[in-house]
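One structure below.
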Amino acid sequence: MLANVFTKTTLDRWKGTAVAAVSLALLLLMAMAVYRDIDLDVYAGLPEVFRTLMGVPESADVASLGIGVLYGFYGAVTLAALALSMGAASMAGEERDGTIGLLLGNPKSRTEVLVSKAISMVLLTAGGAIVLWASAIVVSSVLGVSITGLLVGPYVIHMYANALVYGFMAMAIGAWTGNRGLASGVPAAVMAISYIAVGILPLIEGWTNAAKVFPWYYFDGSNPMINGISWGHLAVLGAGIAVFGAASVFGVNRRDLRGQTVGVTLVDKLRANPLTRKVVERLAGSTRVSKIWIKTASEHQGLLIITAYLMFFVMGILMGPLYALIDETMLSFADQIPDALYAFVGAGSGNMSTAAGFYEVETFGLMAPIAVMVVAVAIGSRGLAGEERNRTMGLLLANPITRSKVVLEKAVAMTLYSLVVGFATFAGVWLGALLGGLDLAVANIAAVSLLATLLGLGFGALALALSAATGRVKVAVYTTVGIALAFHIINSIAILNDTVAGIARWTPFEYYLTSNPLSNGMNWGHGAILAAIPVVFIALAVFLFQRRDLRQTG
Amino acid sequence: MTYNEQRNNMDTDFAIRTGGLTKHYGDLPALVDLNLDIKPGEVFGFLGPNGAGKTTMIRTILDEIRPTSGWASILGMDSHLESVAIRRHIGYVPGDLAMYPNLTGRDTLTYFANLRGGVDWGYVNGLADRLDAELDKKVGDLSSGNRQKVGLIQAFMNRPGVLIMDEPSSGLDPLVQREFQKMMREVANEGRTVFLSSHTLSEVQRVADRVGIIRHGKLVALEFVSELRSKAMRRIELEFDGPVEASVFEQVPGARDVTVHNHHVVMSFDGNMDTLLTTATQKYHVIDINTQEADLEEIFLTYYRDEEATT
Chain Z
1 MLANVFTKTT LDRWKGTAVA AVSLALLLLM AMAVYRDIDL DVYAGLPEVF
51 RTLMGVPESA DVASLGIGVL YGFYGAVTLA ALALSMGAAS MAGEERDGTI
101 GLLLGNPKSR TEVLVSKAIS MVLLTAGGAI VLWASAIVVS SVLGVSITGL
151 LVGPYVIHMY ANALVYGFMA MAIGAWTGNR GLASGVPAAV MAISYIAVGI
201 LPLIEGWTNA AKVFPWYYFD GSNPMINGIS WGHLAVLGAG IAVFGAASVF
251 GVNRRDLRGQ TVGVTLVDKL RANPLTRKVV ERLAGSTRVS KIWIKTASEH
301 QGLLIITAYL MFFVMGILMG PLYALIDETM LSFADQIPDA LYAFVGAGSG
351 NMSTAAGFYE VETFGLMAPI AVMVVAVAIG SRGLAGEERN RTMGLLLANP
401 ITRSKVVLEK AVAMTLYSLV VGFATFAGVW LGALLGGLDL AVANIAAVSL
451 LATLLGLGFG ALALALSAAT GRVKVAVYTT VGIALAFHII NSIAILNDTV
501 AGIARWTPFE YYLTSNPLSN GMNWGHGAIL AAIPVVFIAL AVFLFQRRDL
551 RQTG
Chain S
1001 MTYNEQRNNM DTDFAIRTGG LTKHYGDLPA LVDLNLDIKP GEVFGFLGPN
1051 GAGKTTMIRT ILDEIRPTSG WASILGMDSH LESVAIRRHI GYVPGDLAMY
1101 PNLTGRDTLT YFANLRGGVD WGYVNGLADR LDAELDKKVG DLSSGNRQKV
1151 GLIQAFMNRP GVLIMDEPSS GLDPLVQREF QKMMREVANE GRTVFLSSHT
1201 LSEVQRVADR VGIIRHGKLV ALEFVSELRS KAMRRIELEF DGPVEASVFE
1251 QVPGARDVTV HNHHVVMSFD GNMDTLLTTA TQKYHVIDIN TQEADLEEIF
1301 LTYYRDEEAT T
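For the record, the sequence lines run as chains Z and S.
For the first sequence, the numbering used here begins at 1 and goes up steadily by one.
For the second sequence, the numbering used here begins at 1001 and goes up steadily by one.
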C-alpha cells in the first residue's frame, strides 16, 4: 500500500467524516428522545409499501422508528455523500488542484495512487458507518430504549455498501474524465433519482420490480434491520463497487492527465469555427465577462442545467403521470396515514391521498428545497471564498469596485439561479399535473415553488455570509448543510413534541409547508419571513466582507 | 496620530507613502513600522528574501488586508478610506498570479476592462504584441510564463499612474523580461511610478532608480541603485599559472572567506577591484578571472552583518 498517499488522503478527510457521523448521532439522540414519549399504536396496520416508503419497519417501535427514519434517509445520504466527495476528489481533485503532476513525479504508478485513495475512502466510510452503528446502540441504551430484535449491524452494513457504490461511481467518472464537477454531479443525480424511484415505483401496480433497476433498492429493499443481511442484495452492491473500481483503474491509465488545464467544451469548438464564431463569441466571450454577476452565473451553468432539468422533468413532469398510475387502494390507505408519519419524511402534514399532498411529499418535501439549496449554496459559498481560494480575489479587487459590489453581484447571480430552479420546478409540476389530469391550481404551484425558492435561497445567503466572514469554502458549505439538516430533522419531528415544536418555530422550514400552500395557496406571512432571511444574510455578508483581511490562499 | 494629521502626510507629491505601517498576523509581526516615500516617475525596487514582508506590504497598501497600525497613501489618497478611488489609478500584478482558467486571455482582459472602464484596445493589442502574448487561448491552458504575460497586460492596459507588481517577471523568458523592463522604464519616463517587488537583484539593478530592502518585516536599507551596486558583494574566482598563498589575498581590503586550492582562489569581495587586481598581478600570473554578482542573500549576510549584530 502506498502509505503516504493513503495517510495524507485519510488525514485530509477524516475530520469531515467524523463531524458528520457524530452530528448524525446527536440528531439520532434528539429524535429518539422525542419518539420515546409518543404512542406508537398509530403505526399499526399500515400497508407494507408505505412502511418501506416511510422507513418504518413492520414492528414499529421507538428504536426502529428513530433509527429507520434518521438513518434510512439522512444517514444513508450523508454516508453516501461523504464517499462520493472522496471518490470525486481522488484523481480529479488532484488534477483540479494541479498537484497530480507532483504526486506522480514520484516513482508510483497511477494505479497505486488510485488504489491508495480508494482504500482511504473505503476505510473512512467504514469509520463513519461504525460511528453510526455504535451511536444507535449507545443512544438506545442511554435513553433506555430497547433495540431487541433490531438488526442495526446488518442495516448499517447495507448502508455502507450502498455508500461505496456512489463513492466508486464518482471515482470512476473522475478517473475517466478528470472532471471533478462531473464526478460528483452525476452520482449525486443518480442517487437522488434512485431514492425517489425506489420510493414511488412500488406504489404503482405492476411496476414494483422496476425499482430493482436502481441501486438504492439494494440498500433497504430487503429491510435488513428486521430481516438481517440479504446476501443477494449485498452481492448486487458489491458487483457495482467492483465494476466501478475496475473502471477507475482502467480509466485513469488510459488517458492524458490534466495539468490544472481546462477541457475543450462545445462552446470552445463553436468559438473556433468561423461560421459560428461571431454569435458564440458574443455569448461566451464578451457577454460572459461583461459583469461580475454574469460571469459568476456562467461558471455554475452546468450545475444549474442538471438541477433545473431534474426538478423540471423528473420531480415535475414525471410525477404527475406517476401519481395517476398509483393504485387506488394505496391512495385510500394513504388517507389513513397519520400526519405525524408524513412529518417523519419532512413533508409537513402532507397527505398522499390527494395530488397536492403527493407533490408536497415527493417533489416539495425534500427535493425542491434541496435543489435550490444545491445551486444557491454552491454560488454562495464559492462566490467570495472560492475567489480567495483560487487567488483571484486580489486581482478582482484591484479594480475600482467596492467589496460590497462584489458581494451584491454574487448575490444577484445566486438569487437569479435560485429563481430559475424554482421556476423549473413550477413549470414541471404544472405540466406534470396537466399530463396526469391532476387537480392543482396554477397559483398554488407557483406559491409553493416560490416558497421553496426563498427557503433554499436563505441557506445560500447563509453560505454567502459564512463565505464572507471566513473566506473558507468548506466552512461555508459544511456549516450551511449541517444547519439545514438539523433544522429539517427538528421540523420533521416537531409535530410529535411540544418542546421541539417550540424550537422548530425558529427554523425556516416552519414557514415553508406547514400551511399546505399547494392546497391552500400562498401564505404571505410565511412568504415574507422566508424572503427576509436571504435579505438579512446578504446584508450581513456585505458587512462582514468589508471588515476583514482577504485570505491569501484557501 | 489623528486622521487629519495623517492626511497632512498624504502629500500628493508622492506616488506611494507609508507612515509607521505595521501589520501583525496574530503575534507574528509581518511588517514593522514601515516609512516609505516614493516619488512619481520613479521605479522603486522592493527587495527582500522570501517571507520578508514584501507581499504583506503590497496587500496592505491595496486594502486587501488592513494595517495593525500606521497608514499608507497612494497618489495622496488614503489606502483604506479611498481605496476604490485609488484603484482607478493603479495597475496590479499579484505575486503567484492566478486567473480564471476557463477564460481566454482576451476574455480575462475584457472582464477587467469592463470593471475598470476606459481601456484602449489598440494599446492592449500593442502590449500583447510586445510581450508576444497569446490572448485567444484559455488561461488554464497557458504555460506559467504566458499566463504571466496576460497578468502584465491587465496591469499596464489602463495606463495606470502607479504600477504595483509583486514578483512580476517570474516565468518570463529572458527576451520577454528584457521587453518588460523596457516597458517599466517607459512608464517611469512618462512620469508614472513603478513599485517593483522582487528578489532578483539583477532585474532591480537594471530598471530601478532606488531600492528598499526589507528583512523580517523591517526596512533595513533604502538606497539608490548606483550606491548599492558599488557596495554589492561579488564572488570572485582567480586562476593562476602556479600555486598561490591565501594570506596574500586576505590582506586585500574587502576580501572575505578566501579559499585557495592550488592554482585557484575563490573569495567574496566588496572592495576596490583595482587594488585586488594589482595585488594579484604583482606576485603571480593571472590566467583567468571569473566574477559573479553576489545574490541578495549574500548582501544580507555581509553588508548587514553589523545591523544583525546590533539587533
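For every residue, glycine included, the Cβ atom is placed at its ideal position computed from N, Cα and C.
Just so we're clear, the structure is a prediction, and the values are computed from it rather than from any experiment.
Taking CB atoms only, residue 400 of chain Z has a neighbour in chain S less than 7 Å away.
Taking 7 Å as the cut-off, the beta carbon of residue 1094 of chain S is found no closer than this to the beta carbon of residue 431 of chain Z. Comparing C-alpha distances from residue 1020 of chain S to each of S:1089, S:1224 and S:1073 shows the shortest one belongs to S:1073. The three-state reading of DSSP puts residue 1263 of chain S in coil, since its state is none of H, G, I, E or B.
By the Cβ-count criterion, residue 1273 of chain S is exposed, with fewer than 16 other Cβ atoms from all chains shown falling within 10 Å of its own Cβ.
Any Cβ of chain Z closer than 7 Å to the Cβ of residue 1111 of chain S would place that residue at the interface, and such an atom is present. Secondary structure at residue 1065 of chain S: coil, using DSSP grouped into helix, strand and coil.
As far as DSSP is concerned, residue 1283 of chain S takes part in no beta bridge. In this structure, residue 1047 of chain S and residue 1199 of chain S form a Cβ contact; the two beta carbons are roughly 7 Å apart against a cut-off of 8 Å.
Straight-line spacing of the CA atoms in residue 274 of chain Z and residue 1016 of chain S works out to 48 Å. Residue 1205 of chain S is not bridged by DSSP to any residue. Residue 28 of chain Z sits close to residue 139 of chain Z, with the two beta carbons spaced by under 7 Å. The residues 1045, 1204, 1205, 1208, 1209, 1210 and 1211, in chain order, have a CB closer than 8 Å to that of residue 1225 of chain S in the same chain once the five nearest residues on each side in sequence are set aside. Here the C-alpha atom of residue 1146 of chain S lies approximately 11 Å from the C-alpha atom of residue 1138 of chain S. Taking 7 Å as the threshold, the shortest C-beta distance from residue 208 of chain Z to chain S does not fall below it. Between the C-alpha atoms of residue 384 of chain Z and residue 543 of chain Z there is a straight-line separation of about 13 Å. Straight through space, the alpha carbons of residue 1173 of chain S and residue 1251 of chain S are spaced by roughly 42 Å. Taking the Cα of residue 212 of chain Z as reference, the smallest distance to any Cα among Z:84, Z:403 and Z:237 is reached at Z:237.
Among the residues of chain S, those whose CB is under 7 Å from the CB of residue 392 of chain Z are 1098, 1099 and 1100, following chain order. Taking 7 Å as the cut-off, the Cβ atoms of residue 1116 of chain S and residue 1050 of chain S do not count as close. Across the structure, residue 205 of chain Z and residue 323 of chain Z are spaced so that their CA atoms are roughly 11 Å apart. Distances from the alpha-carbon of residue 407 of chain Z to those of Z:540, Z:76 and Z:137 put Z:540 closest. Secondary structure of residue 1024 of chain S (DSSP, three-state): strand.
Nearest neighbour of residue 377 of chain Z by Cα position, chosen from Z:441, Z:366, Z:459 and Z:318, turns out to be Z:459. Contact check for residue 1105 of chain S against residue 1176 of chain S fails: the beta carbons are separated by 7 Å or more. For residue 180 of chain Z, no chain S residue has a C-beta closer than 7 Å to its own C-beta; the minimum C-beta separation is roughly 13 Å. The Cβ of residue 439 of chain Z sits no closer than 7 Å to any Cβ of chain S. Against chain Z, the CB of residue 1158 of chain S has no partner CB under 7 Å away; the residue lies outside that interface.
Under the criterion of beta carbons closer than 8 Å, residue 164 of chain Z and residue 83 of chain Z qualify as touching, at roughly 6 Å.
For residue 1237 of chain S, the uninterrupted beta strand (DSSP E) segment begins and ends at 1234-1240.
For the 7 Å CB-CB criterion, residue 379 of chain Z and residue 413 of chain Z form a contact. Non-local beta-carbon contacts of residue 1279 of chain S in its own chain, meaning distances under 8 Å to residues more than five positions away in sequence, involve 1248, 1249, 1251 and 1252 in chain order. Around the beta carbon of residue 1261 of chain S, a 10 Å sphere encloses fewer than 16 other beta carbons of the protein chains shown; the residue is thus reported as exposed. In its chain, beyond the 5 residues on either side, 161 have a beta carbon closer than 6 Å to the beta carbon of residue 234 of chain Z. Interface flag for residue 1223 of chain S against chain Z is unset, since no Cβ pair is found closer than 7 Å.
Between residue 482 of chain Z and residue 34 of chain Z, the alpha-carbon positions lie close to 20 Å from each other.
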